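**Q** Sharing a structure, written as structure tokens. Questions coming.
Right, here's the structure in full:
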């Protein structure tokens, strides 16, 4: 084991983790209501405690968890499809999970109910997509891509249909879902989400070396001793699970899975042993920051409302891509 | 070292690319595979490398059946240099060569100092060490192929397979590459099998040449035995003039311009 590179790996990830924790701490101190964080922790101020522990902390933790899920899946998927424009929503699971959420809204379920229903449909989608895309025991990239795209299209058609027969209020709720929204939730949900996401994350990080080789193409990977088919299956299941959980708890937050890996690659190079964990942690920081902005930005204005986090990520993501495109054009 | 027994292969169960191919390659031999377009050269390389499984027949490496080997085991024994490689991410040249050490790394392993030394030494052998920090995307075709060969050498293989490795290179880089491979072949007793598109090149560098036509072996022997007017006519369906190189004693061909 190379001491040098491993030390580098540990120091980078410890640093990023430290930054993430700082982001979380800052995030929970900031908001529409002023609170004293130390009083809140010491429980000497009940109102502040309530805001901190029942509202902000769960929401921020969820932001971190979802950020890890979407960004790390994005980086793994960009490697798997050998395309830097791949997005974790290409998988198709997100469509199925979103459909579950929409149906749950239709049945007037609570937030937890929506998450559970959505997770359930996510699992069904994973199974369906795998069965459809599987060709002779293999999972070729182009089949995976096609199946994901078709599955998403179909789910969205159903979503629009359901949307059209619901009430105005429910339709409004669905908009928030489709754009991506974080809400404070109970700690059980958070723990479960953390469990699934961290499991998937650890799997992807462990497979990172092989993912490097996979990005060279199936034939070359085979020549270097990597079983690309089995690897793709592992990546598919780990990623789908993470994305399913992310969509179940926060809807379709876009752009994170797309551009955070680019940032990670820009800073750390293309070695996925660094890119995958870095993407996860940077994604978490990004989403925490975005949600904090969304919570506070309009609060002191006349609108007095929160911006859903998906709006912030889209507003940041789109110009980011223009910048990326311009840089690529200059290079050519 | 390599023994192919009655190999038949079809991509889609109907159109057989290779039929009943049987041949032997001795340890330390440099064998060239030649044939017209579509004769099955790339397919044969991919079968001997283990990534394609033939419908019929078996390949044995040193007596062990190729498909019974595990992926990593196979990669430690056989290395492949493809015709062309597209690498969509911006890896540095050294990172690319280090990937050749993948078959030796533990599960979530980082390369050891030893691995880095091996990679650098391989880059030095192919005269590419000066690119180590440069991105693979920035290199020219010739430079890239050298890096890919270095990656194959970093695998420390017993067998090196090449699929028309100089198809996109000019003659300087082409001859340089083959000289390099021939050196490794002689110095380290590295067994080499290369799909070659140029008969003269094969004649100059190979110990034996295998001619493929329509998926079958049309000839297998030393350049003297197989680079002959009649054989070339049979395999490539064209007339050429075959002569003997005064300098090296190897046969060569000159295209016939159709005037006579």
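Protein chains in written order, with this note's numbering: chain L, 5 to 336; chain H, 2 to 261. All C-beta atoms in this analysis are idealised placements derived from N, C-alpha and C, irrespective of residue type, glycine included. The structure displayed is predicted, hence computed values, not measured ones.
Which chain H residues are close to residue 314 of chain L, counting only those with a beta carbon under 7 Å from its beta carbon?
**A** Numbered from its first residue, the first chain carries residue 314 of chain L at position 310. Those within 7 Å of residue 314 of chain L in chain H number zero; the least Cβ separation is about 28 Å.
**Q** Runs of 3 residues minimum, wholly inside the segment 60-141 of chain H: which ones carry the beta strand (DSSP E) assignment?
**A** Runs of the beta strand (DSSP E) lying entirely within the segment 60-141 of chain H, each at least 3 residues long, are 79-82 in chain order.
**Q** DSSP on residue 141 of chain L, reduced to helix/strand/coil?
**A** Residue mapping note: residue 141 of chain L aligns to position 137 of the first chain, counting from 1. Three-state DSSP puts residue 141 of chain L in coil, outside helix and strand.
**Q** Do residue 50 of chain H and residue 82 of chain H come within 7 Å of each other at the CB atom, strictly closer than that value?
**A** In the second chain, the residue the question calls residue 82 of chain H occupies position 81. In the second chain, the residue the question calls residue 50 of chain H occupies position 49. No, the Cβ-Cβ distance between residue 82 of chain H and residue 50 of chain H is not below 7 Å.
**Q** Can you check whether the CB of residue 245 of chain L is closer than 7 Å to the CB of residue 204 of chain L?
**A** Within the first chain, residue 204 of chain L is the residue found at index 200, counting from 1. Within the first chain, residue 245 of chain L is the residue found at index 241, counting from 1. Cβ distance < 7 Å, so residue 204 of chain L and residue 245 of chain L count as in contact.
**Q** So with CB distances below 8 Å, who are the chain L contacts of residue 134 of chain H?
**A** For the purposes of this step, residue 134 of chain H is taken as the residue at position 133 of the second chain. Residues of chain L passing the Cβ test: none, with the nearest at roughly 11 Å.
**Q** Kindly list, in the order they appear in chain H, the residues whose Cβ is closer than 9 Å to that of residue 128 of chain L.
**A** Reading the first chain from its first residue, position 124 is the one you call residue 128 of chain L. The contacting residues do not exist; residue 128 of chain L stays about 32 Å from chain H at best.
**Q** Between the segment 103-131 of chain H and chain L, which residues of the former have CB atoms less than 8 Å from a CB of the latter, in chain order?
**A** 103, 104, 106, 107, 108, 109, 110, 111, 112, 113, 114, 116, 117
**Q** What residues match up with residue 4 of chain H in a beta bridge as DSSP calls it?
**A** Here residue 4 of chain H is taken as the residue at index 3 of the second chain, counted from 1. DSSP, once it has assigned bridges, lists H/25, H/61 as partnering residue 4 of chain H.
**Q** Are the beta-carbon atoms belonging to residue 70 of chain L and residue 243 of chain L less than 7 Å from one another?
**A** Residue 70 of chain L sits at position 66 when you count from the first residue of the first chain. Residue 243 of chain L sits at position 239 when you count from the first residue of the first chain. In this structure, residue 243 of chain L does not lie closer than 7 Å to residue 70 of chain L by Cβ.
**Q** In the DSSP output, what is residue 192 of chain H paired with across the bridge?
**A** Looking up residue 192 of chain H in the second chain gives position 191. Answer is H/160, bridged to residue 192 of chain H.
**Q** Pick helix, strand or coil for residue 35 of chain H, following the three-state DSSP scheme.
**A** The count along the second chain starts at 1 and reaches residue 35 of chain H at position 34. Strand, per DSSP.
**Q** Going by alpha carbons, who is nearest to residue 226 of chain L out of H/60, H/74, H/2?
**A** The residue you call residue 226 of chain L lines up with position 222 of the first chain. Just measuring C-alpha positions, the residue of H/60, H/74, H/2 sitting nearest residue 226 of chain L is H/74.
**Q** Going along chain L in order, which residues have a C-beta closer than 7 Å to the C-beta of residue 75 of chain H?
**A** By 1-based counting over the second chain, the position of residue 75 of chain H is 74. Per Cβ cutoff of 7 Å: 229.
**Q** Just how far apart, CA to CA, sit residue 157 of chain H and residue 269 of chain L?
**A** The count along the second chain starts at 1 and reaches residue 157 of chain H at position 156. The count along the first chain starts at 1 and reaches residue 269 of chain L at position 265. Between residue 157 of chain H and residue 269 of chain L, the C-alpha separation is close to 30 Å.
**Q** Classify residue 228 of chain H as helix, strand or coil using the three-state DSSP reduction.
**A** Locating residue 228 of chain H in the second chain gives position 227, counting from the first residue. Residue state, collapsed to three classes: coil.
**Q** Just the Cα atoms here: how many angstroms apart are residue 164 of chain H and residue 145 of chain H?
**A** Start at 1 with the first residue of the second chain, and residue 164 of chain H comes out as number 163. Start at 1 with the first residue of the second chain, and residue 145 of chain H comes out as number 144. Whole-angstrom Cα-Cα distance: 15 Å.
**Q** Taking only three categories from DSSP, how would you classify residue 257 of chain L?
**A** Mapped onto the first chain, residue 257 of chain L falls at position 253. In this structure, residue 257 of chain L counts as coil in the three-state DSSP scheme.
**Q** Please classify residue 5 of chain L: is it buried, with 16 or more other beta-carbons within 10 angstroms of its beta-carbon, or exposed?
**A** Walking along the first chain from the start, residue 5 of chain L turns up at place 1. In this prediction, residue 5 of chain L scores a pLDDT of 42, lower than 50, which makes its location untrustworthy; the coordinate-derived value is nonetheless stated afterwards. Flag for residue 5 of chain L reads exposed.
**Q** Could you give the distance in angstroms between the alpha-carbon of residue 319 of chain L and the alpha-carbon of residue 18 of chain L?
**A** As a position in the first chain, residue 319 of chain L is number 315, starting the count at 1. As a position in the first chain, residue 18 of chain L is number 14, starting the count at 1. Cα to Cα, the separation comes out at about 30 Å.
**Q** Considering only C-alpha positions, which residue in the set H/188, H/209, H/181 is nearest to residue 194 of chain H?
**A** As a position in the second chain, residue 194 of chain H is number 193, starting the count at 1. Nearest C-alpha to residue 194 of chain H among H/188, H/209, H/181: H/209.
**Q** Can a CB atom of chain L be found closer than 7 Å to the CB of residue 37 of chain H?
**A** Position 36 of the second chain, counted from the start, is the residue given in the question as residue 37 of chain H. Nearest CB-CB separation between residue 37 of chain H and chain L: not below the 7 Å threshold.
**Q** Nearest CA to the CA of residue 85 of chain H: which residue from H/26, H/57, H/137?
**A** As a position in the second chain, residue 85 of chain H is number 84, starting the count at 1. Among H/26, H/57, H/137, the Cα nearest to that of residue 85 of chain H is on H/137.
**Q** Output, in chain order, the set of chain L residues within a Cβ distance shorter than 7 Å of residue 70 of chain H.
**A** For the purposes of this step, residue 70 of chain H is taken as residue 69 along the second chain, with counting starting at 1. Ordered by position in chain L, no residue passes the 7 Å Cβ test against residue 70 of chain H, which lies about 10 Å from the chain.
**Q** Residue 43 of chain H and residue 10 of chain H look like a contact to me (Cβ under 8 Å); what is the Cβ gap, rounded to whole Å?
**A** In the second chain, counting from the first residue as 1, residue 43 of chain H sits at position 42. In the second chain, counting from the first residue as 1, residue 10 of chain H sits at position 9. The pair is not a contact, with the Cβ atoms about 11 Å apart (cut-off 8 Å).
**Q** For residue 159 of chain H, does the count of other Cβ atoms within 10 angstroms reach 16, so buried, or fall short, so exposed?
**A** Counted from its first residue, the second chain places residue 159 of chain H at position 158. Burial call: buried.
**Q** For residue 80 of chain H, which residues in chain L fall below 8 Å Cβ to Cβ?
**A** By 1-based counting over the second chain, the position of residue 80 of chain H is 79. Within chain L, the residues near residue 80 of chain H are 227.
**Q** Chain H beta carbons: is any one of them nearer than 7 Å to that of residue 26 of chain L?
**A** Within the first chain, the letter at position 22 stands for residue 26 of chain L. False, the Cβ-Cβ gap to chain H never drops below 7 Å.
**Q** Any C-beta of chain H sitting closer than 7 Å to the C-beta of residue 86 of chain L?
**A** Taking the first chain and counting its residues from 1, one reaches residue 86 of chain L at position 82. Cβ-Cβ to chain H under 7 Å: yes for residue 86 of chain L.
**Q** Have a look at residue 292 of chain L and residue 286 of chain L and give me their C-alpha separation to the nearest angstrom.
**A** If you number the first chain from 1, residue 292 of chain L lands on position 288. If you number the first chain from 1, residue 286 of chain L lands on position 282. Computed Cα separation, rounded: 10 Å.
**Q** Counting C-beta neighbours from all protein chains within 10 Å, is the total for residue 266 of chain L 16 or more, i.e. buried, or is it exposed?
**A** Within the first chain, numbered from 1, the residue matching residue 266 of chain L stands at position 262. Residue 266 of chain L should be labelled buried.
**Q** Would you please state the rounded distance, in angstroms, between the beta carbons of residue 80 of chain L and residue 260 of chain L? I believe it to be under 8 Å.
**A** Indexing the first chain from 1 puts residue 80 of chain L at position 76. Indexing the first chain from 1 puts residue 260 of chain L at position 256. About 14 Å; that fails the 8 Å criterion.
**Q** Measure the alpha-carbon distance for residue 169 of chain H versus residue 148 of chain H and round it to whole angstroms.
**A** Numbered from 1 along the second chain, position 168 holds the residue referred to as residue 169 of chain H. Numbered from 1 along the second chain, position 147 holds the residue referred to as residue 148 of chain H. When rounded, the distance between both Cα atoms is 15 Å.
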